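Colleague: Basically my numbering = 1-based index in the first sequence + 6. Sharing a structure, written as structure tokens. Questions coming.
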Amino acid sequence: MSEARPPLFTLEAASGSARAGALDTPHGRVDTPAFMPVATQGSVKALDSADLARIGAGIVLANTYHLYLRPGVEVIGDLGGIHGFMAWDGPVLTDSGGFQGFSLEHLRELDEEGILFKSHLDGSLHRFTPEAVVEHQRGLGADIVMPLDVCEPAGADRGAVEGSVHRTLRWARRSLDAHGGSGQALFGIVQGGTFGDLREVSAAETVAMDFPGYAIGGLSVGESKAEMYDTTGLTARLLPDDRPRYLMGVGSPEDLVECVARGIDMFDCVLPTRIARNGALFTRSGRVNVDTSPFRTMDGPVGESCDCYTCATFPAGYLCHLFRAKELLAYRLASIHNLRFVLRLMEEMREAIVEGRFESFRRAFADRFTPPDEGTRRDQKRKWLSAMERTRARE
RNA sequence: GGAGGGAUGGGAGAGUGGUUAAAUCCACCAGACUGUAAAUCUGGCGCCCGGAAGGGCUACGUAGGUUCGAAUCCUACUCCCUCCA
Numbered sequence: 007m008s009e010a011r012p013p014l015f016t017l018e019a020a021s022g023s024a025r026a027g028a029l030d031t032p033h034g035r036v037d038t039p040a041f042m043p044v045a046t047q048g049s050v051k052a053l054d055s056a057d058l059a060r061i062g063a064g065i066v067l068a069n070t071y072h073l074y075l076r077p078g079v080e081v082i083g084d085l086g087g088i089h090g091f092m093a094w095d096g097p098v099l100t101d102s103g104g105f106q107g108f109s110l111e112h113l114r115e116l117d118e119e120g121i122l123f124k125s126h127l128d129g130s131l132h133r134f135t136p137e138a139v140v141e142h143q144r145g146l147g148a149d150i151v152m153p154l155d156v157c158e159p160a161g162a163d164r165g166a167v168e169g170s171v172h173r174t175l176r177w178a179r180r181s182l183d184a185h186g187g188s189g190q191a192l193f194g195i196v197q198g199g200t201f202g203d204l205r206e207v208s209a210a211e212t213v214a215m216d217f218p219g220y221a222i223g224g225l226s227v228g229e230s231k232a233e234m235y236d237t238t239g240l241t242a243r244l245l246p247d248d249r250p251r252y253l254m255g256v257g258s259p260e261d262l263v264e265c266v267a268r269g270i271d272m273f274d275c276v277l278p279t280r281i282a283r284n285g286a287l288f289t290r291s292g293r294v295n296v297d298t299s300p301f302r303t304m305d306g307p308v309g310e311s312c313d314c315y316t317c318a319t320f321p322a323g324y325l326c327h328l329f330r331a332k333e334l335l336a337y338r339l340a341s342i343h344n345l346r347f348v349l350r351l352m353e354e355m356r357e358a359i360v361e362g363r364f365e366s367f368r369r370a371f372a373d374r375f376t377p378p379d380e381g382t383r384r385d386q387k388r389k390w391l392s393a394m395e396r397t398r399a400r401e
């Protein structure tokens with residue numbers, strides 16, 4: 007190991023390609039596979055750090071672009087860094103703003119130097135260079151920091167993706183140089199869309215720079231699940247065993263299981279919290295919209311055998327009511343439930359890996375949990391088939 | 001007793017001769033959401049047939065009438081509101 011610092015990651019067990027390990031950060035140890043709740047603006051929407059601790063969150067993600075614009079890196083630095091600012095003692099990872107280059111593409115100009123953002127708040131211009139982003143994240147003080155990268159949407163042509171791969175590599179080099187000997191762990195990010203050969207180039211060149219951890223970016227941006235799974239598996243195999251692998255922006259329950267199966271150690275995703283605020287809750291058998299009529303009079307918890315505070319305390323009918331009445335408590339209780347669901351899933355996967363039975367866990371999960379897309383497709387198919395039967399019966 | 005105003009789909013409320021099964025909002029019924037510009041967005045919402053396209057029926061207080069055509073114009077009735085006595 008080339009770095010003088012103690013290793014960030016320890017690989018503890020494997021079951022097939024699935025791995026269990028631990029991240030050691032200045033703010034404590036995190037078991038992997040790990041899911042990072044997203045606190046874009048220094049808050050996991052609707053929750054506070056005490057809530058996060060209670061549901062078993064080990065590490066959270068915050069966003070450099072958003073916090074730089076508001077309240078500003080200096081303010082956060084003066085208020086104790088990101089940890090003191092949000093009163094969270096656990097590990098924090100900050101994303102670079104590279105994703106905003108994708109999600110806010112109509113508000114930015116991209117060139118070799120960096121990304122020029124037109125603030126979504128007040129229209130002011132801000133140049134994000136790889137060097138500036140490293141500096142901003144130093145000010146925020148997260149345990150793990152991400153370099154500025156270029157993320158192309160699904161369907162981008164090969165030339166564009168190839169360009170993003172090489173630019174991301176050049177920016178990674180610049181980030182590394184600017185980073186110097188900081189105690190923060192700077193990850194490398196592999197790009198390449200769904201092009202296997204580009205992923206190979208990106209991974210090889212990024213790994214050659216010897217980062218303490220590697221992220222897979224540019225997925226879950228509109229490609230099919232099959233493509234996303236294939237690319238994840240392919241890319242994970244290109245990364246060194248002794249470094250954590252972080253799949254950026256992925257986090258539906260079925261994706262977490264399938265990507266842990268392909269060797270991923272870390273995830274972050276807004277999905278559990280966003281859909282929670284919109285009334286969708288995870289259960290062992292799939293997703294349900296708790297604001298719908300079947301739940302109006304339902305007694306007992308929404309999820310079967312869920313150990314979260316929400317399920318332990320309130321009947322489903324109460325949650326249904328809170329959503330219909332647009333009571334603020336709805337967002338908190340639903341977010342607690344969905345995050346606990348996902349965090350517990352990670353715990354269960356880790357346990358299965360350690361005990362060498364991940365594959366059977368995965369099968370059992372898939373048998374029981376119906377993803378929404380699949381469910382919708384099934385419904386459509388059933389409707390179509392019954393219509394055809396009726397037509398045949400008439401003839 | 002007199003004068004005036006008004007009755008529209010579950011609610012509020014547009015619409016004053018055809019393009020109106022009737023704007024819009026709410027409620028209701030569903031769906032979506034993946035490194036958060038999201039407590040957001042999309043679809044449906046008279047009845048019947050249809051997978052759909054489409055078709056049929058009923059409807060703007062009640063009953064008549066004028067008109068090729070009425071939620072819209074006329075008459076009567078019922079109810080509600082305001083003001084005067």
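Glycine included, C-beta positions come from ideal geometry on N, C-alpha and C. Since this is a predicted model, take the numbers as computed values, not measurements.
#1: If you compare alpha carbons, which of Glu-357, Ala-358, Leu-339 is closest to Val-50?
#2: Kindly indicate which three-state DSSP category Lys-124 falls into: helix, strand or coil?
#3: My output table needs one value for Gly-202: the three-state DSSP class, helix, strand or coil.
#4: Applying the criterion that 16 or more other CB atoms from any shown protein chain within 10 Å of the CB defines a buried residue, is Gly-402 buried or exposed?
#5: With distances taken Cα to Cα, identify the nearest neighbour of Asp-155 among Gly-147, Gly-169, Leu-277, Arg-144.
#6: Where Ala-286 and Val-294 are concerned, what is the direct C-alpha to C-alpha distance, given to the nearest angstrom?
#7: What does a CB cutoff of less than 6 angstroms around Val-263 pick up in its chain, not counting 5 residues either side in sequence?
#8: Leaving out the 5 sequence neighbours to the left and right, which residues in its chain are closer than 7 angstroms to Asp-128 when beta-carbon positions are compared?
#9: Out of curiosity, what's the CA-to-CA distance linking Ala-20 and Gly-362?
#10: Just mark Leu-334 as buried or exposed, buried being the case when its beta carbon has 16 or more other beta carbons within 10 Å.
#11: For Arg-374, which residues in the same chain have their Cβ closer than 7 angstroms to its Cβ, ignoring the five residues on either side in sequence?
#12: Beta carbon of Val-98, beta carbon of Val-66: below 8 angstroms?
#13: Check whether the Cβ atoms of Leu-345 and Pro-278 lie closer than 8 angstroms to each other.
#14: May I ask you to list the residues that DSSP assigns as paired with Asn-295?
#15: How should His-112 be labelled, buried or exposed, when 16 other C-beta atoms within 10 angstroms of its C-beta is the threshold for buried?
#16: In angstroms, rounded to a whole number, what distance separates the CA positions of Cys-265 and Asp-236?
#17: Is the distance from the Cβ of Ala-221 to the Cβ of Met-152 below 8 angstroms?
#18: Short of 6 angstroms in beta carbon distance, which residues of its chain neighbour Gln-190, apart from the five on each side in sequence? Order them along the chain.
#19: According to DSSP, simplified to helix, strand and coil, what is Asp-37?
#20: What is the residue span of the alpha helix (DSSP H) that Phe-91 lies within?
#21: Whole-angstrom Cβ separation of Leu-29 and Ala-40, contact assumed at under 8 angstroms?
#22: Pick out whichever of Gly-202, Gly-194, Cys-317 has its Cα sitting closest to the Cα of Glu-233.
#23: Using the three-state DSSP reduction, which class does Arg-25 fall into: helix, strand or coil?
#24: How big is the Cα-Cα spacing for Thr-238 and Pro-43?
#25: Where do the N-terminal and C-terminal ends of the beta strand (DSSP E) with Asp-274 fall, by residue?
Modeller: The relevant details are as follows:
#1: Leu-339
#2: strand
#3: Three-state DSSP puts Gly-202 in a helix.
#4: In the structure as shown, the chain starts at 7 and stops at 401, and residue 402 therefore has no counterpart that could be examined.
#5: Gly-169
#6: 5 angstroms
#7: Arg-368, Phe-371
#8: none
#9: About 7 angstroms.
#10: exposed
#11: Arg-290, Ser-291
#12: yes
#13: yes
#14: Ala-286
#15: exposed
#16: 9 angstroms
#17: yes
#18: Val-151
#19: strand
#20: For Phe-91, the enclosing alpha helix (DSSP H) covers residues 87-91.
#21: 7 angstroms
#22: Gly-202
#23: strand
#24: 20 angstroms
#25: 272-274
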